Every structure is written in structure tokens, then in C-alpha cells.
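Report on the following structure.
In the numbering used here, the protein residues as written are 41 to 139.
Shown next as C-alpha cells:
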């Protein structure tokens, strides 16, 4: 393998121990900010797409079966409400995490 960086070669054992402890603490607690925001956005996006696709599909089936003009808009409105609720249920544990 390659050589260690110069600052690690000259570091005392106490310095190395402090760096290792800081690294372990970051690994245990995670880094707040971008990672958490990305998890929230991805969770909401996936739930929105999945539920709205299902609502669109069911609305199309209902319209094809009944021929009613109201079937698609009503289905999409109900799908939007369901997507909001599913998204809330999915991100609730993420919102409760200690920052």
C-alpha cells in the first residue's frame, strides 16, 4: 500500500486516538443536513409517484368501466390525498430523529 499522509506520520498517538474517536462519533450520529434532507425528498417523491400512478391507473379503469367523466378527476384528487397521507406516514420516523 501507499504511504500515510505526512500529517499522520508525524501525529502523536493521542492525536490519532482523537481522530479515531471523532470519526467513530460521526459514524454513529450521522451527518445532519444534506443526507437527512435527501432522505425526506426521496421518500416523498417515491411515495407521490407510486400512489399517483396507482390512482391514475384505477381512475382509468373506473372511467373505462363506467364511462363517467368524473372518474378520472375524482380518482386523481383522492390519489393526491392518499399520496400526502402515505408520504406523511413514511417520513414521520425521519422527522422524529434527534437532530
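For glycine and all other residues, C-beta sits at the position ideal for the given N, C-alpha and C.
Bear in mind the structure is a predicted one, so any value in this text is a computation, not a measurement.
Rounded to whole angstroms, the Cβ separation of residue 120 and residue 82 is 19 Å, and the two are not in contact under 8 Å.
DSSP places residue 52 outside both helix and strand once states are collapsed to three, so it counts as coil.
Between the region 93-105 and the region 113-131, the count of Cβ pairs shorter than 8 Å is three or higher; the stretches touch. Within the region 53-129, the complete alpha helix (DSSP H) runs of at least 4 residues fall at 53-69 and 74-106. Judged by beta-carbon spacing, residue 131 lies beyond the 8 Å limit of residue 88, meaning their Cβ atoms are not closer than that value.
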